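Residue numbers (the UniProt record's numbering): 1 to 712.
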C-alpha cells in the first residue's frame, strides 16, 4: 500500500535498499562457499579416478618387461593383493563422489542458479516497470489545460493506469522474493553440510567393513619387508659412495680441460674414437659459426649426432683422407680433415691438445685402412713407431748424408751474390754439428699458404698490392707500381708450395736440405698430397707468389730478406729459400723461415734467377748511392757560388758608399737639403756575411750619420 501513495515511497525505497544490500552479501558469500564445495567434489572425483588408475597399474605389473628386472613372483603376487584392496577403496571413493554430488552439490547449486538468479531478474523487471511508470506520469503531467483532446487524454490516462499496475505487481513479487530469501538462505546453507557429513560417515563405515583383521596382518608383513629392503639399500649405498670416492681420486687429472701430456700421454694407436667436438660452419663470405656436436668414427666414416637425434649422420668418408692441425683466429686446438679428392674439408675443434692429437692420430690410422686388419692397434703402433723414426734427426750430418744426400765428390762449390743457390758442398765444421742447431725440435710445419709473411718495412704500396690483381709482367696504366717501373728483371715460374717451417741457422744450405727432409717425411706420414700451385714472379725488388686464376698476390717477400737459396741435388725440381725478417716476434727478435717448393722447371734456374735479381738489386743500389752523392756535391757547389756572389755584391756596395761619403765631405760642395743616403738591399738582407763585413757596415753608417745630421 505504501508504494501506491507518494508519502510512503521514500520509506519503501530506503527499506528496499537494505534488502538489496543483504541480497548482495548473501550472493557473494554463497559464491565463495560454492567454490569451496566444488573443490571438495572435484578432489573426490580426482581421488576416485587416481585410485582406480593405481589399481589398474598394479594389476598390469606382471605384464611389464623390465630390462634389469627378472620374473619376481613374490613381488607380483604382493602387488596383486594391493591392487585388490585399492580397487575396493576405489569403489568406495566412487560411491562417496556420487553421494557428494546428490547431497552437497545439488542443494547449493539449485540455490545459486534458481533463487539468487530469480531475484536478479525481478530486480531488472522492477527497474524497467519503474522507468515506464515515470515516463507515463511525466506525459500525463504535460497535458494542456486550454486545449483538451479527449482522445489524447484517454490514451495518457490509460498508459498511466497500465504502467502503475505493472509496477505495483512487479514490486509485490520482488518484495516477496526478498522476504523468502531469508528462509532459503538457511536451507541452502544447512542442506549441503548435512549431505557432506552423511556421505563421509557412510564412506568411513564402508571402509571399516572392508579393512578386516586379515588385511592388517598383511600390511604389517609388508612393512617388515620394506624395512629389510631399506637396510640392504643403505649398505649398498655405502659401498657405492666408497667406489665414487676412489674414482674421484683416480680421475682428478681428467677433470682439467687441457691435461698435462706428461701425466696423461697421448694414445696414437687408436682406430676408433668418439667424443664432443665443435665444428665450423660458414655463415657468409668471411663470417662463420661453431656448433657443438657428438662425433664418432664408424669403420672408414666420420659420423656426427646432434642432441636429441636418434642416430648419427655421415659427415665424410675418411679413407685416404688427409688430416692436420690448423691455426684458427678465434679457436684453439683445431684440426682440418680433407677428403681424398680435396673437394670437401671439415674444420673441427677439440677440447684439449691431447684430444686434438688423438683425433688426428686416429683419423690418420683410419685413412690408412688399418682398421680392416685383425689387430689394428698393434699395426697402428708399428706404423707410428716407423713414422717417428723417419722424422727423428740422425746424430750428425755425416750419418744423414750417407742415407739421404748423394755423394758430392768432385763438385765445385758455387757461390752467388747474397745467397747460395746450389747444393752439394759441405763444410767440415758443419759435418759434426747437431741438427738441433738448424731446425728446432717440435717445430710446427705449415703445409698451406694462409697469410702473408711479415716484412721489415710495410708501405702503402705493399698493402695495396696484396689486395689487387697483379700482372706478372708489369702493370700498365695509372696503377703501375714503383717496383714494376724500376725493375728490369721479370721472370715467371710455375711452382707448388710444399711447406714452410721456422729454422735457426742461415749460414749453409744444409738447413734447406734438412727442412726439405722433414717436410717430405711429414707429408708422407700424414698422407698430405694436395699442394697449392702458384706463379713465382722474380723481380729486382721482391719475390711474389701469385694465384694463377685470380692473379691476386698471395705472398710477397722483399728480396733483401732472402738470405739463402738452394735446390735439391737428386730431385732437381725441389728448391727452397730462407727468409730473415726483423721484428717478427713480440720480443723484437728476427724470425727465420725456410720455404720449400716444387717447380716444373729445374730448381737451379730459379735459384740462378734469384741470385741474378740480388746482383741487379745490388748494382742498382750502388748506382743510386753514387747518384745521390753526386747530387749532394752539386748542391754544395751551388751554395758556394751563391756565397761568393753575395760577397762580391757586398764589396761593390761598400765601394759605392765610400765614394758617396768622399764626395759629400769635399768643401764648397754642400749637399742639398733633405738629402738621404740609401743603402743597397743586399746589405740589409745579408745578415750572415762575415764579422768583418758587419763591422765595416757599422763604421760607415756612423760616418754617414755624422755628416748628414747637421745639414738637416
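Glycine is no exception: its CB is placed at the ideal position from the N, C-alpha and C atoms.
Bear in mind the structure is a predicted one, so any value in this text is a computation, not a measurement.
Task: Alpha carbon of residue 543 to alpha carbon of residue 248, nearest angstrom - done: One C-alpha to the other measures close to 59 Å.
Open item on the list: Classify residue 291: buried if its beta carbon has 16 or more other beta carbons within 10 angstroms, exposed otherwise.
Closed with: exposed
TODO: Apply the 10 Å Cβ neighbour rule to residue 174 and answer buried if 16 or more other Cβ atoms are within range, or exposed otherwise.
DONE: Buried.
Open item on the list: What would DSSP say about residue 317, mapped onto helix, strand or coil?
Closed with: Strand at residue 317.
- [ ] Can you tell me which of 589, 509, 90 and 346 puts its alpha carbon nearest to the alpha carbon of residue 278?
- [x] 346
Open item on the list: Just to confirm, is the Cβ distance from residue 564 to residue 555 under 9 Å?
Closed with: Result no, Cβ atoms of residue 564 and residue 555 do not sit closer than 9 Å.
- [ ] Determine the burial state of residue 310: buried for a count of at least 16 other Cβ atoms within 10 Å of its Cβ, exposed for fewer.
- [x] Counting Cβ neighbours within 10 Å, residue 310 comes out exposed, since fewer than 16 surround it.
Open item on the list: Just to confirm my understanding: we take residue 82, look at its own chain, exclude 5 residues before and 5 after, and list those with CB closer than 6 Å. What are they?
Closed with: 58
Task: Bridge-paired residues (DSSP) for residue 55 - done: Under the DSSP definition of a beta bridge, residue 55 lacks any partner.
TODO: Determine the extent of the beta strand (DSSP E) in which residue 532 is found, giving its start and end residues.
DONE: 532-538
- [ ] Count the other C-beta atoms from every protein chain shown that fall within 10 angstroms of the C-beta of residue 358, then say buried if there are 16 or more, exposed otherwise.
- [x] buried
TODO: State whether the segment 43-55 contacts the segment 75-94, with contact taken as three or more CB pairs (one from each stretch) at a distance under 8 Å.
DONE: yes
Task: Per-residue DSSP class, three states only, for residue 488 - done: coil
Task: Nearest neighbour of residue 99, chosen from 87, 44, 140 and 119 [CA to CA] - done: 44
Task: Closest Cα partner of residue 510 within the set 594, 527 and 498 - done: 594
Task: Helix, strand or coil at residue 565 according to DSSP, with G and I counted as helix - done: strand
TODO: Over the uninterrupted beta strand (DSSP E) stretch that includes residue 322, give me the two end residues.
DONE: 322-326
- [ ] Please name the residue in 119, 104 and 46 whose C-alpha comes closest to that of residue 16.
- [x] 119
Task: Distance, residue 329 Cα to residue 289 Cα - done: 13 Å
Task: Collapsed DSSP secondary structure at residue 419 in the structure displayed - done: Confidence at residue 419 is low in this model, with a pLDDT of 36, below 50, so its placement is unreliable and the value that follows should be read with caution. Three-state DSSP puts residue 419 in coil, outside helix and strand.
Open item on the list: Let me check one thing: in DSSP terms, what residues is residue 279 bridge-paired to?
Closed with: 291 and 348
Task: Buried or exposed by the 16-neighbour rule on C-beta atoms within 10 Å, applied to residue 14 - done: exposed
- [ ] Check the DSSP bridge columns for residue 502 and list the partner residues they point to.
- [x] Residue 502 pairs with 593.
Task: residue 167 (DSSP reduced to helix, strand or coil) - done: helix
TODO: Consult DSSP for residue 342 and reduce its assignment to one of helix, strand or coil.
DONE: coil
Open item on the list: According to DSSP, simplified to helix, strand and coil, what is residue 374?
Closed with: Residue 374: coil per DSSP, three-state reduction.
- [ ] Indicate whether the contact test is met: 3 or more Cβ pairs, each with one atom in the segment 515-527 and one in the segment 597-605, closer than 8 Å.
- [x] no
TODO: Kindly indicate which three-state DSSP category residue 303 falls into: helix, strand or coil?
DONE: strand
Task: Three-pair Cβ contact test at 8 Å for the segment 165-181 versus the segment 100-107 - done: As far as the Cβ criterion goes, the segment 165-181 does not touch the segment 100-107, which means the pair count is below three.
Task: Neighbour-count burial assignment, residue 282, 16 or more Cβ in a 10 Å radius - done: exposed
Task: the segment 292-309 in contact with the segment 500-518 per 3-pair CB rule at 8 Å - done: no
Open item on the list: Whether or not the segment 530-542 and the segment 488-497 are in contact is what I'm after, with contact meaning three or more pairs of Cβ atoms, one per stretch, closer than 8 Å; do they touch?
Closed with: yes
TODO: Pick helix, strand or coil for residue 117, following the three-state DSSP scheme.
DONE: helix
- [ ] Output yes or no for whether 9 Å exceeds the beta carbon distance between residue 374 and residue 271.
- [x] no
Task: Range covered by the beta strand (DSSP E) that runs through residue 360 - done: Here residue 360 belongs to no beta strand (DSSP E); instead the alpha helix (DSSP H) covers 353-367.
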